[in-house]
Amino acid sequence: MTQQDLTPPADFSMYDKVREDLKKRRPLLAATFQGDPEILARVREYEQRSADVAQQVGLVAAKGEDIERLALLDPVTELYNHRTFVKELKAEMARSRRYSQRVSVCTLIVDEFEQIGADYGPLTQDAVLKVVALVIRNSTREVDIPARYAPWQFAIVLPQTNAAGAALVAERIRQRVASQVFSHNWKNFSITASIGVATFPEHAPEYDELVARSIEAMECAVDRGGDRVFSF
7 MTQQDLTPPA
17 DFSMYDKVRE
27 DLKKRRPLLA
37 ATFQGDPEIL
47 ARVREYEQRS
57 ADVAQQVGLV
67 AAKGEDIERL
77 ALLDPVTELY
87 NHRTFVKELK
97 AEMARSRRYS
107 QRVSVCTLIV
117 DEFEQIGADY
127 GPLTQDAVLK
137 VVALVIRNST
147 REVDIPARYA
157 PWQFAIVLPQ
167 TNAAGAALVA
177 ERIRQRVASQ
187 VFSHNWKNFS
197 ITASIGVATF
207 PEHAPEYDEL
217 VARSIEAMEC
227 AVDRGGDRVF
237 SF
C-alpha cells in the first residue's frame with residue numbers, strides 16, 4: 007500500500023460542508039417538515055453518517071502520516087534514518103554541483119559506547135543516544151540534516167558549509183555532548199564523542215566517498231584518544 011492509497015481525496019471535505027449546512031438549516035427544516043418526522047429522522051441520519059465518514063477519513067490520514075514518519079525517522083532518536091540520510095545527501099550534493107557550493111558531512115560516535123552498555127545496560131544506551139540526538143538537533147541549523155547513520159553513529163549533512171565551518175559545528179557538538187551528565191542507580195557518569203569532518207568537493211567527489219572520508223576522519227579522532235574533532 008502506498009502513501010497515495012492512504013491519503014483521502016479532497017472531495018471528502020464535502021461531508022463536513024454538508025453536515026455544517028444541515029446543522030444551520032435544521033431549525034428551518036424542523037419548521038417546514040414538522041408534520042413529517044420521517045424526513046427529519048432521515049436528515050439526522052445523514053448528518054450522523056457524514057460525521058462518521060469525516061472521522062474515518064481523519065483516522066486514515068493520521069495513519070498515513072504515521073507510516074510516512076516511520077519510513078523516514080529512526081524510532082529511538084527521532085532523527086532521520088540511514089536511508090533518508092543517503093537520499094538527502096545525494097540531493098544536497100546535486101544542488102552543490104549545480105551552484106558550485108560546498109557541502110560537508112560530520113559523523114559522530116559516542117566514545118566507549120559498548121562499555122556504557124556493559125556497565126549500565128541497553129536502556130541507558132538508548133537514553134544516551136536520545137540525549138546526543140537532542141544535542142545535535144539543538145546545535146545545528148534548520149537546513150542541516152542530522153541522522154542516526156548506524157546503531158552507534160550519527161551523521162549530519164551541512165549544506166553550503168566548508169570544512170572550517172563544519173569543524174566549528176562539530177566542536178560545538180563535542181563540547182555540548184561532554185557537558186551532559188547521566189545518572190544510573192544513583193551513580194553519575196558523563197560521555198564524550200569523536201567527530202569526523204569531510205567536505206565536498208575537496209575530500210570526495212561522490213556521496214558514498216564523502217561519507218567514507220568522514221568516517222575515516224572520525225576513526226582518526228577515536229585513535230587519537232577520542233573526545234575530539236578530526237578534519238582532513
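Residues in the sequence shown are numbered from 7 upward in steps of one, following the numbering used here. The beta carbon of each residue, even a glycine, is placed where N, CA and C say it ideally should be. Treat the numbers as computed from the prediction; the structure is a model and nothing was measured.
Comparing C-alpha positions only, which one of the options sits nearest to residue i?
i      : options                           : result
Val141 : Ile197, Gln107 and Ser220         : Ile197
Ala204 : Cys112, Leu129, Ser189 and Glu148 : Cys112
Ile201 : Asn191, Phe195, Ala223 and Glu215 : Ala223
Leu129 : Thr83, Arg234 and Val183          : Thr83
Arg108 : Asn194, Arg178 and Ala170         : Ala170
Arg147 : Leu79, Trp158, Arg89 and Ile162   : Ile162
Does the Cβ of residue i have 16 or more other Cβ atoms within 10 Å, making it buried, or fewer, making it exposed?
i      : result
Met20  : Because Met20 carries a pLDDT of 48, less than 50, the predicted location of this residue cannot be relied on, and the following value inherits that uncertainty. Exposed is the call here.
Pro246 : One cannot answer for residue 246 here, as it falls past the ends of the chain, which runs 7 to 238.
Tyr105 : exposed
Leu1   : Since the first residue shown for the chain is 7 and the last is 238, residue 1 is missing from the structure and cannot be characterised.
Val187 : exposed
Ser220 : buried
In its own chain, which residues sit with a C-beta less than 6 Å from the C-beta of residue i, not counting the 5 before and 5 after it?
i      : result
Gln121 : none
Assign residue i to one of three DSSP states: helix, strand, or coil.
i      : result
Leu85  : coil
Ser237 : strand
Ala68  : Note that Ala68 scores 41 on pLDDT, short of 50, meaning its location in the model is unreliable and no value can be drawn from it.
Ala210 : coil
Ser185 : coil
Arg103 : helix
Ile115 : strand
Ile197 : coil
Starting from residue i, follow the alpha helix (DSSP H) in both directions and report where the run begins and ends.
i      : result
Gln131 : Pro128 to Asn144
Val228 : Tyr213 to Asp229
Could you please give the first and the last residue of the uninterrupted beta strand (DSSP E) stretch that includes residue i?
i      : result
Arg147 : Arg147 -> no beta strand (DSSP E), and no H or E assigned at all.
Pro165 : Gln159 to Pro165
Asn191 : Note, Asn191: premise wrong, no beta strand (DSSP E); not H, not E.
Going along the chain, which residues of its own chain have a beta-carbon closer than 8 Å to the beta-carbon of residue i, five neighbours each way excluded?
i      : result
Gln131 : Phe119, Ile122 and Gly123
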